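Undergrad:
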Amino acid sequence: MISALLLIAAVQAAPSDRLQPLTLADDRACTAEGAWCVGLVQDEEPVVRPIVRAAGALPLGLEASDDAVETFQPWTHLARLTDGGFLAGVEVGLSSMYSGGGGQATELRLYRLDANGDAGESPVLVVRIRSSLSIRACFSEEDMKQRAGACHDEYGFDAVLTAAGEAGDMPVFDYVTTATAYPRGASRSEDSLEKPPLKPADLVTVRDPKCSFSRRFTFDAVAGEYRPDSALPDCSDYTVP
């Protein structure tokens with residue numbers, strides 16, 4: 002009980018640093034002191050949501066399925082709100098395999114939880130936090146020559162969500178992303194074999210300025226969700242497996 006009170010006081014004393022790091026172990030993520038743990042529950046829809054409980058009071062974790070299209074794990078951060086509730090998240094993993102390649106992506110779904118540690122019906126923020134894709138680009142020796150031996154297009158996307166302060170009862174979040182493509186000129190919307198042959202100088206990983214951006218998310222109490230300070234660009238070439 003004492004450790005729980007100390008944790009609450011520490012979080013409330015540092016409003017500009019509202020995210021408490023958690024350690025992931027098996028099907029749960031807990032604070033270093035073990036005062037709070039985030040687990041996952043699934044309802045009848047089925048929708049997977051986070052749940053916050055004191056250590057030892059979490060329900061059993063989700064049953065793993067070999068043919069699951071999605072995978073789930075708790076987000077490794079937790080925010081304590083001034084009303085006694087929480088912000089906790091679910092990392093949803095998506096993957097796809099195709100001839101000569103494949104991709105995987107992770108989406109963060111952030112929920113607002115009440116003082117009992119139970120989540121609302123819908124997430125208040127949904128963002129992609131990482132993805133990687135590899136797409137086959139050579140189908141013959143001629144293709145290999147045109148591609149200078151780089152027979153796969155590689156795409157990467159990484160994002161960081163950090164607390165930047167407060168707006169009322171809810172923290173403000175900064176969302177910073179970096180998108181990269183290999184080789185130079187790679188594009189999922191264009192046929193690379195219809196472009197000029199690649200040169201050795203093209204065999205580099207290039208940062209995409211359009212999908213490497215920063216946004217500030219503030220909670221909109223009327224809408225019941227977080228809104229960015231400006232629209233997010235379409236980065237599905239990087240984030241959709």
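According to the numbering used here, the sequence shown holds residues 2 to 242 in order. Here a beta-carbon is modelled for each residue, glycine too, at the ideal position from N, C-alpha and C. Just so we're clear, the structure is a prediction, and the values are computed from it rather than from any experiment.
Are the Cβ atoms of Ile136 and His153 separated by less than 8 Å?
TA: A contact, by the Cβ cut-off of 8 Å.
Undergrad: Can you tell me whether Thr32 is buried or exposed, with buried defined as 16 or more other CB within 10 angstroms of its CB?
TA: When all chains shown are included, Thr32 counts as buried.
Undergrad: Within the continuous alpha helix (DSSP H) that includes Asp84, where are the two ends?
TA: No alpha helix (DSSP H) holds Asp84; DSSP gives it neither H nor E.
Undergrad: To which residues of the same chain is Thr206 closer than 6 Å at the C-beta, ignoring the five residues directly before and after it?
TA: Same-chain partners within the cutoff: Thr181 and Tyr183.
Undergrad: Quick check: what's the CA-CA separation for Leu8 versus Ser133?
TA: Confidence at Leu8 is low in this model, with a pLDDT of 37, below 50, so its placement is unreliable and no value can be given for it.
Undergrad: Say whether the region 188-204 touches the region 214-230, bearing in mind that this needs 3 or more beta-carbon pairs closer than 8 Å, one atom from each stretch.
TA: Not touching, per the Cβ criterion.
Undergrad: What do you reckon, are the CB atoms on Asp170 and Thr83 nearer than 8 Å?
TA: Their beta carbons are under 8 Å apart, which means Asp170 touches Thr83 by this criterion.
Undergrad: Around the C-beta of Ala224, are 16 or more other C-beta atoms found within 10 angstroms, so that it is buried, or is it exposed?
TA: Per the 10 Å Cβ criterion, exposed.
Undergrad: Alpha carbon to alpha carbon, how far is Glu191 from Arg113? Give it in angstroms, no decimals.
TA: One C-alpha to the other measures close to 41 Å.
Undergrad: Please name the residue or residues paired with Glu92 in a DSSP beta bridge.
TA: Answer is Gln74 and Leu109.
Undergrad: What residue range does the alpha helix (DSSP H) around Glu143 cover?
TA: Element bounds for Glu143: Glu142 to Gln147.
Undergrad: Helix, strand or coil: which one does DSSP assign to Ala202?
TA: Three-state DSSP puts Ala202 in a helix.
Undergrad: Let me confirm a value: Arg208 is counted as buried when at least 16 other C-beta atoms fall within 10 Å, else exposed. Which label applies?
TA: Exposed.
Undergrad: Drop a sphere of 10 angstroms on the beta-carbon of Pro47, count the other beta-carbons inside from all chains shown, and report buried for 16 or more, exposed for fewer.
TA: Flag for Pro47 reads exposed.
Undergrad: Taking 7 Å as the limit between beta carbons, can you name the residues of its chain near Gly35, skipping five residues before and five after?
TA: Around Gly35: Ala56.
Undergrad: Could you tell me how far apart the beta carbons of Arg19 and Gly118 are, in whole angstroms, since I believe they sit closer than 8 Å?
TA: Contact doesn't hold; Cβ gap of about 17 Å is too wide.
Undergrad: Could you check where the alpha helix (DSSP H) with Thr240 kicks off and where it finishes?
TA: Run containing Thr240: Ser237 to Thr240, per the alpha helix (DSSP H) assignment.
Undergrad: Let me check one thing: in DSSP terms, what residues is Gly102 bridge-paired to?
TA: Beta-bridge pairing links Gly102 to Tyr99.
Undergrad: Would you tell me roughly how many angstroms separate the C-alpha atoms of Gly121 and Leu88, rounded to the nearest one?
TA: Each residue's Cα considered, the two are about 10 Å apart.
Undergrad: Using the rule of at least 16 other Cβ atoms within 10 Å of the residue's Cβ for burial, across every protein chain shown, is Val125 buried or exposed?
TA: Result: buried.
Undergrad: Is the CB-CB distance between Leu41 and Pro75 below 8 Å?
TA: Yes, these two residues count as a Cβ contact at 8 Å.
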